[in-house]
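The next block holds one structure in the form of structure tokens; read it before the comments.
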Amino acid sequence: NAGVTQTPKFQVLKTGQSMTLQCAQDMNHEYMSWYRQDPGMGLRLIHYSVGAGITDQGEVPNGYNVSRSTTEDFPLRLLSAAPSQTSVYFCASSYYSSGSYGYTFGSGTRLTVV
Amino acid sequence: KQEVTQIPAALSVPEGENLVLNCSFTDSAIYNLQWFRQDPGKGLTSLLLIQSSQREQTSGRLNASLDKSSGRSTLYIAASQPGDSATYLCAASESGGYNKLIFGAGTRLAVHP
């Protein structure tokens with residue numbers, strides 16, 4: 037049971053390059069989300085999905101795209117990388133049961149844009 | 012807009028001490044309040060979740076309380092151990108719609124032998 041798997045773990049991009057951060061979960065969770073974590077700040081929500089084919093914006097969506105064609109996968113695309121997107125990115129899956137939500141987070145992708 | 016603040020930002024204590032981590036939030040209309048643990052280079056692990064209708068939750072040496080009226084939650088760690096060293100994050104979730112988590116910046120805890 038792998039939980040939430042994020043790839044790659046580390047990545048260095050040049051300004052203007054594009055890339056996709058991969059996220060996969062094997063728990064059949066309905067909900068998935070992407071957060072970024074910057075030094076001295078809490079995690080901030082980028083995009084989220086409440087089911088296959090349904091996505092929505094979070095707090096800091098600019099510069100990122102997402103899609104969810106299957107329950108298992110929720111990739112995050114950086115369209116044209118900027119130094120401000122240097123951060124640690126976390127993918128999470130969650131489910132709703134008995135009035136509460138259970139979360140599982142991936143181990144993160146550390147992205148540096150130069 | 013909900014804002015979550017955690018105090019202190021860092022804490023260093025000797026092994027065996029009982030300690031309290033604080034979390035405050037600006038909007039009392041939360042759905043629930045969660046505490047997470049983050050180890051270096053790792054993801055977040057959920058520790059305790061308190062529903063908005065509850066006052067506290069306990070798991071082993073951990074006890075979390077919630078006071079919506081004052082916008083505060085505390086995480087109490089009893090008899091701290093070096094293995095408790097980590098960053099502790101609290102997150103408030105919004106009512107209605109998707110369960111968006113609003114995180115504090117965390118408290119970095121070091122427990123030394």
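Protein chains in written order, with this note's numbering: chain A, 37 to 150; chain B, 12 to 124. Glycine included, each C-beta is placed from N, C-alpha and C at the ideal position.
Problem - Which of helix, strand or coil DSSP assigns to residue 62/A - result: Stepping through the first sequence from its first residue, residue 62/A is reached at position 26. In this structure, residue 62/A counts as coil in the three-state DSSP scheme.
Practice task
Could you name the residues that DSSP lists as bridge partners for residue 25/B?
Solution key: Taking the first residue of the second sequence as 1, we reach residue 25/B at position 14. Looking at the DSSP assignment, residue 25/B forms a beta bridge with 123/B.
Practice task
At 3 residues or longer, and completely inside the segment 75-118 of chain A: list those beta strand (DSSP E) runs for me, N to C.
Solution key: 80-87, 90-93, 100-102, 112-114
Exercise for the section: Flag residue 92/A as yes if its beta-carbon sits less than 9 Å from any beta-carbon of chain B, otherwise no. Expected result: The residue labelled residue 92/A in the question sits at position 56 within the first sequence. So yes, residue 92/A belongs to the interface.
Handout entry: residue 76/A: contacting residues in chain B (beta-carbon distance under 7 Å)
Key = What you label residue 76/A is simply residue 40 of the first sequence in a count that begins at 1. Neighbours of residue 76/A on chain B, chain order: 116.
Practice task
Leaving aside the five residues before and after residue 92/B along the sequence, list all residues of the same chain whose C-beta is less than 7 Å from its C-beta, in chain order.
Solution key: On the second sequence, position 81 is the one that residue 92/B refers to. Excluding positions up to five away in sequence, the list reads 26, 122.
Handout entry: Rounded Cβ spacing between residue 40/A and residue 73/A (contact assumed at less than 8 Å)
Key = Taking the first sequence and counting its residues from 1, the one referred to as residue 40/A is at position 4. Taking the first sequence and counting its residues from 1, the one referred to as residue 73/A is at position 37. Not quite, the Cβ-Cβ distance comes to about 15 Å (not below 8 Å), so this is no contact.
Exercise for the section: Say whether the segment 17-33 of chain B touches the segment 84-98 of chain A, bearing in mind that this needs 3 or more beta-carbon pairs closer than 8 Å, one atom from each stretch. Expected result: no
Problem - Helix, strand or coil at residue 142/A according to DSSP, with G and I counted as helix - result: In the first sequence, the residue the question calls residue 142/A occupies position 106. The answer is coil: DSSP assigns residue 142/A none of H, G, I, E or B.
Exercise for the section: For chain B, find out if any of its Cβ atoms is closer than 9 Å to the Cβ of residue 150/A; answer yes or no. Expected result: In the first sequence, counting from the first residue as 1, residue 150/A sits at position 114. So, not an interface residue.
Exercise for the section: For residue 67/A, go through chain B and note every residue whose CB falls closer than 8 Å to its CB, in chain order. Expected result: Residue 67/A sits at position 31 when you count from the first residue of the first sequence. Neighbours of residue 67/A on chain B, chain order: 109, 110.
Exercise for the section: Consult DSSP for residue 78/B and reduce its assignment to one of helix, strand or coil. Expected result: Here residue 78/B refers to the residue found at position 67 when the second sequence is read from its first residue. Note: residue 78/B maps to strand in three-state DSSP.
Exercise for the section: Could you tell me which residues DSSP pairs with residue 15/B in its beta bridges? Expected result: The count along the second sequence starts at 1 and reaches residue 15/B at position 4. Partner(s): 36/B.
Problem - Run of the beta strand (DSSP E) containing residue 99/B, from where it starts to where it stops - result: For the purposes of this step, residue 99/B is identified with residue 88 of the second sequence, where counting begins at 1. Taken as a continuous stretch (DSSP letters only), the beta strand (DSSP E) holding residue 99/B covers 97-105.
Problem - Beta-ladder partner(s) of residue 112/B, from DSSP - result: Along the second sequence, one-based indexing puts residue 112/B at 101. DSSP, once it has assigned bridges, lists 104/B as partnering residue 112/B.
Practice task
Determine which residues of the segment 30-57 of chain B have a Cβ less than 9 Å from any Cβ of chain A, and write them out in chain order.
Solution key: 42, 43, 45, 47, 49, 52, 53, 54, 55, 56, 57
Problem - Backbone secondary structure at residue 120/A - three-state DSSP - result: Here residue 120/A refers to the residue found at position 84 of the first sequence. Of the three classes helix, strand and coil, the one that applies to residue 120/A here is helix, per DSSP.
Practice task
Just grab the DSSP bridge partners of residue 83/B for me.
Solution key: Here the question's residue 83/B lines up with position 72 in the second sequence. The partner list for residue 83/B (beta bridge, DSSP) reads 35/B, 78/B.
Problem - residue 96/A at chain B interface by Cβ criterion, 9 Å - result: Indexing the first sequence from 1 puts residue 96/A at position 60. No, residue 96/A lies away from the interface with chain B (no Cβ there is under 9 Å from its Cβ).
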